[in-house]
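Written out below as structure tokens is the structure these notes cover.
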Amino acid sequence: MQRSQWQAVEFRHLAALSAVAREGSFRAAAESLGYVQSAVSEQIAALEAIVGATVLERRRGSAPGALTPAGELLLRHSDQIIQRLATAGAELEALRDGRRGRLRVGAFESIGVRLLPSVLRELDHELPDIEVEVVWSDDGDEFEELVESGRLDVAFGSPPSPDSAFETRKLMSDPYVLLTPARAPLAKRGTPPSAPSLSAIDLIRCGDGRRAELVDAALRAHGVDPRYRLGAPCNAGVQALVAGGVGSAIVPRLTVDETDERVALVALDGIVPPRTIALFWRSPDRPAVRRLVEIAARQRLRLSPPRLAARLAA
Numbered sequence: 000m001q002r003s004q005w006q007a008v009e010f011r012h013l014a015a016l017s018a019v020a021r022e023g024s025f026r027a028a029a030e031s032l033g034y035v036q037s038a039v040s041e042q043i044a045a046l047e048a049i050v051g052a053t054v055l056e057r058r059r060g061s062a063p064g065a066l067t068p069a070g071e072l073l074l075r076h077s078d079q080i081i082q083r084l085a086t087a088g089a090e091l092e093a094l095r096d097g098r099r100g101r102l103r104v105g106a107f108e109s110i111g112v113r114l115l116p117s118v119l120r121e122l123d124h125e126l127p128d129i130e131v132e133v134v135w136s137d138d139g140d141e142f143e144e145l146v147e148s149g150r151l152d153v154a155f156g157s158p159p160s161p162d163s164a165f166e167t168r169k170l171m172s173d174p175y176v177l178l179t180p181a182r183a184p185l186a187k188r189g190t191p192p193s194a195p196s197l198s199a200i201d202l203i204r205c206g207d208g209r210r211a212e213l214v215d216a217a218l219r220a221h222g223v224d225p226r227y228r229l230g231a232p233c234n235a236g237v238q239a240l241v242a243g244g245v246g247s248a249i250v251p252r253l254t255v256d257e258t259d260e261r262v263a264l265v266a267l268d269g270i271v272p273p274r275t276i277a278l279f280w281r282s283p284d285r286p287a288v289r290r291l292v293e294i295a296a297r298q299r300l301r302l303s304p305p306r307l308a309a310r311l312a313a
């Protein structure tokens, strides 16, 4: 049979063959498919004409005979095709209702270390067929553009402006602290530094993005002329330099590994306003986005700053 002839085989032909073989009669096959009996007979006859072979032995009455060798061979392939189409239908339904597909999430390092793993574990438990792709950033400056363009589905970051097209869920407020060597006088004194005293401290600048600019602006608004010795990649890079005694750094509390006994955290008494961490996404959202937001909003309570305030140097 030429290839063009095979293209005339339709799903209804294969469904009829499978139903007759399963049910044992044309009448029962027609009932299972919602057809009249003559329609099933017509589908079988059309299939035989296309493939050029008899697939069922004919008997009197409504009950067919056994499958012919050609019918048995065709049935094996038919059942596989029917099953694959059923699987495709189920997967498309899961894709439509948000139980399947790829979810692209933007995250910066501190959230990626402290919150994201537990959020993704819970999401995977609830939606195991969702494939998560995480895009990393030092401070998330570029995430608004990526969400706007559709290259990210949802992102952690500073809340976008109220007149933006994003939906936003604020998660928490993360205070800035002075990260200093554990043996430094500020760590031992037990009181927050005054704004003027910060001008005399050797500082390490954390990155060069929006976060660093906001810290600089806050310091200068309080009359502080920051004395930066050098800049370094945020979080682990800055903490390593502070632990080595190179200088101190003004950083969000969540960026600090508080198990490191070589460093101490000193409160700044509002000299630098806390950063707000939020999730934002475009509407209409996907069910997987909504579920991730709900999980993150609940799990953020483990990172609530008031619970950790006692760890600041006293």
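Residue numbers for the sequence shown follow numbering that gives the first Met the number 0, so the first one is 0 and each next one is one higher.
Just so you know, even glycine gets a beta-carbon here, dropped at the ideal spot from N, CA and C.
Query                                                                                                          : Result
Glu-132, DSSP secondary structure in three states                                                              : strand
For Glu-166, the first and last residue of its enclosing beta strand (DSSP E)                                  : 165–173
Outcome for Ser-247 when other beta-carbon atoms lying within 10 angstroms are tallied against a minimum of 16 : buried
Pair within 7 Å by beta-carbon distance, Ala-52 and Ala-69                                                     : yes
Assumed close pair Arg-299, Leu-114 - CB separation to whole angstroms, cut-off 8 Å                            : 6 Å
Asp-201 - partner residues in DSSP beta bridges                                                                : Arg-226
Among Val-265, Ala-15, Asp-140, nearest to Lys-187 - alpha-carbon criterion                                    : Val-265
Closest by C-alpha distance to Arg-209, when choosing among His-12, Arg-285, Glu-22, Asp-140                   : Asp-140
Sequence-distant residues of its chain with Cβ nearer than 8 Å to Thr-167 (five each side left out)            : Pro-158, Pro-159, Ala-277, Leu-278, Phe-279
C-alpha gap between Ala-287 and Gln-4, whole angstroms                                                         : 44 Å
Sheet register partners of Trp-280 (DSSP bridge)                                                               : Val-153, Glu-166
Closest residue to Phe-155 among His-221, Leu-218, Val-292, Thr-254 (Cα-Cα distance)                           : Val-292
Given Thr-258 as reference, the closest of Leu-102, Ile-81, Ala-181, Ala-194 once Cα atoms are compared        : Ala-181
Burial state of Arg-75, where buried means 16 or more other Cβ atoms lie within 10 Å                           : exposed
Counted within 10 angstroms of its Cβ, other Cβ atoms place His-124 as buried (16 or more) or exposed          : exposed
Coarse secondary structure for Arg-261, derived from DSSP in three states                                      : coil
Segment limits, beta strand (DSSP E) that includes Pro-251                                                     : 248–251
Leu-360 and Val-271 closer than 7 Å at C-beta                                                                  : Within the shown structure, residues of the chain are numbered from 0 to 313, placing residue 360 beyond reach of any answer.
C-alpha distance - His-221 paired with Arg-285, whole-angstrom precision                                       : 44 Å
Thr-67 - partner residues in DSSP beta bridges                                                                 : Paired residues: none, contrary to the question.
Leu-13 to Ala-48 span [Cα, whole Å]                                                                            : 13 Å
Helix, strand or coil at Arg-299 according to DSSP, with G and I counted as helix                              : helix
Beta-carbon proximity of Arg-11 to Gln-36, cut-off 7 Å                                                         : no
Beta carbon of Val-133 nearer than 7 Å to that of Ala-106                                                      : yes
Residue closest to Arg-289, alpha-carbon to alpha-carbon, out of Leu-73, Leu-126, Val-214                      : Leu-126
Pro-180 - partner residues in DSSP beta bridges                                                                : Val-262
Separation of Val-54 from Ser-31, as counted between CA atoms                                                  : 20 Å
Per-residue burial, Thr-340 [other beta carbons within 10 Å of its own, 16 or more giving buried]              : Missing from the structure shown is residue 340; the chain here goes from 0 to 313 and no further.
Buried/exposed call for Ser-117, threshold 16 Cβ in 10 Å                                                       : exposed
Rounded straight-line distance, which links the Cα of Val-104 to that of Ala-313                               : In this predicted model, Ala-313 has a pLDDT of only 40, less than 50, meaning its place in the structure is not dependable; the value taken from the coordinates is given anyway. Going by the C-alpha atoms only, they are around 38 Å apart.
Simplified DSSP assignment, three categories, for Gly-100                                                      : strand
Through-space distance from Gln-82 to Glu-143, alpha-carbon basis                                              : 43 Å
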